[in-house]
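In our numbering, the protein residues as written are 25 to 311. A quick write-up on the structure given underneath.
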Amino acid sequence: MKYRLLATDLDGTLLNEQKEIAGETIKAIQEYRLRGGKVVICSGRSPLSTRWIANTIGLSGEPIIAYNGAIMLDENGEVHEQVVFQHDPLLSFWELCEAEGIYAHFYEGDTLLVPVVNKWNENWIENNIPTLAKSGGKQKDCERFRGKCEVKVIEDFYDYFKTNQPKITKIAVFDNDGKLSDFSKQIGEMIEGLEISSSLNYLNLEISPSGVTKASALLRLAEKEGIPISQIAAIGDNYNDSLMLSIAGLGIAMGNAPEKVKQMADQVTGNNNEAGVADAIRRYLLE
Numbered sequence: 025m026k027y028r029l030l031a032t033d034l035d036g037t038l039l040n041e042q043k044e045i046a047g048e049t050i051k052a053i054q055e056y057r058l059r060g061g062k063v064v065i066c067s068g069r070s071p072l073s074t075r076w077i078a079n080t081i082g083l084s085g086e087p088i089i090a091y092n093g094a095i096m097l098d099e100n101g102e103v104h105e106q107v108v109f110q111h112d113p114l115l116s117f118w119e120l121c122e123a124e125g126i127y128a129h130f131y132e133g134d135t136l137l138v139p140v141v142n143k144w145n146e147n148w149i150e151n152n153i154p155t156l157a158k159s160g161g162k163q164k165d166c167e168r169f170r171g172k173c174e175v176k177v178i179e180d181f182y183d184y185f186k187t188n189q190p191k192i193t194k195i196a197v198f199d200n201d202g203k204l205s206d207f208s209k210q211i212g213e214m215i216e217g218l219e220i221s222s223s224l225n226y227l228n229l230e231i232s233p234s235g236v237t238k239a240s241a242l243l244r245l246a247e248k249e250g251i252p253i254s255q256i257a258a259i260g261d262n263y264n265d266s267l268m269l270s271i272a273g274l275g276i277a278m279g280n281a282p283e284k285v286k287q288m289a290d291q292v293t294g295n296n297n298e299a300g301v302a303d304a305i306r307r308y309l310l311e
């Protein structure tokens with residue numbers, strides 16, 4: 025087998041716009057695994073979310089990379105590695121958000137810390153644990169996973185950070201007024217110890233601790249599994265996937281990826297509403 029491991033993103037890749045996974049994609053994944061391949065989810069989603077999706081499509085027993093590489097789960101779904109933000113950059117970042125009037129929320133384990141309930145967080149638990157009804161998800165199991173998630177409103181983040189020194193592994197930033205491109209530059213100029221990635225057209229920012237990326241986590245996983253990076257394929261659709269696609273032995277961009285992401289990949293497959301992952305597995309991994 026030329027490529028012994030497939031690292032796959034979730035949103036915009038495995039998941040379609042309805043937050044479901046096509047049956048033919050699940051079938052292709054399992055055929056690849058039957059031939060000896062490993063499939064590892066590599067996502068910005070939370071540990072519980074990635075575990076729920078992995079369990080639903082039959083990937084129990086595989087390691088998982090969550091929060092863009094800040095957390096790695098072992099074969100039993102337990103935290104094997106975790107990287108958290110240093111205290112001072114976290115405080116400086118929140119001060120900058122307040123000064124610029126920018127909304128951000130913070131991920132502490134499987135708890136979402138928010139300054140206020142709004143459209144960017146009010147349905148977080150349901151979005152974090154999608155029903156996957158058409159992908160084999162069972163309602164009872166879905167509710168059990170959702171029951172382990174929490175959204176916590178923090179009235180004074182500065183005091184919360186100072187007093188509790190929480191283990192924050194990811195920050196998400198949102199804005200309606202087109203400020204995020206400039207804001208990301210401000211962060212880079214004013215605060216050290218942060219990794220910044222954006223979605224298409226700076227609709228949001230995802231911020232990780234310094235040195236944390238999907239690519240760096242995939243390299244650590246490759247070493248742990250004893251698989252050369254040249255024998256690993258990776259598939260994704262967005263800027264936080266681009267470095268992972270470029271370092272993998274085979275980088276595959278989704279058809280719905282931005283052009284800059286496609287340019288960093290070796291191949292381009294169909295989009296996430298056309299079971300592009302299944303097509304990629306059949307074309308490149310089952311030869």
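Each residue gets a CB set at the ideal place from its N, CA and C atoms; glycine is no exception.
One alpha carbon belongs to Lys62, the other to Ile45, and they sit about 18 Å apart. Following the DSSP letters along the chain, one finds Ile50 in no beta strand (DSSP E) but inside the alpha helix (DSSP H) bounded by residues 47-58. For Pro233, the enclosing beta strand (DSSP E) stretches over residues 228-233. The residues Leu72, Ser73, Trp76, Cys166, Phe169, Arg170, Cys173, in chain order, have a CB closer than 8 Å to that of Ile153 in the same chain once the five nearest residues on each side in sequence are set aside. Taking all protein chains shown into account, Glu216 has fewer than 16 neighbouring C-beta atoms within 10 Å of its C-beta and is therefore exposed. Taking 8 Å as the cut-off, the Cβ atoms of Gly60 and Met96 do not count as close. When DSSP states are grouped into helix, strand and coil, Ala128 belongs to the strand group. In the DSSP assignment, Gln255 falls outside any beta strand (DSSP E), carrying neither H nor E. Comparing alpha-carbon positions, the option among Lys164, Val177, Thr155 lying closest to Thr135 turns out to be Val177.
Counted as a single uninterrupted DSSP element, the beta strand (DSSP E) harbouring Lys194 occupies residues 192-198. The region 102-120 and the region 32-40 do not touch, with fewer than 3 CB-CB distances between them shorter than 8 Å. Ser222 sits in a strand when the DSSP states are folded into three classes.
Around the beta-carbon of Met278, 16 or more other beta-carbon atoms lie within 10 Å, marking it buried. The three-state secondary structure of Leu245, taken from DSSP, is helix. Within the region 157-186, the complete beta strand (DSSP E) runs of at least 3 residues fall at 174-177. Going by DSSP, Ala302 is part of the alpha helix (DSSP H) stretching over 300-304. Arg69 counts as buried, since no fewer than 16 other beta carbons sit within 10 angstroms of its beta carbon.
Annotation: the continuous beta strand (DSSP E) that includes Lys62 extends over 62-66.
Here DSSP, grouped into helix, strand and coil, assigns Val140 to coil.
Just so you know, the alpha carbons of Glu150 and Ala157 end up roughly 13 Å apart.
Val285 sits in a helix when the DSSP states are folded into three classes. About 5 Å separates the Cβ atoms of Ile256 and Leu29, confirming a contact at the 8 Å cut-off.
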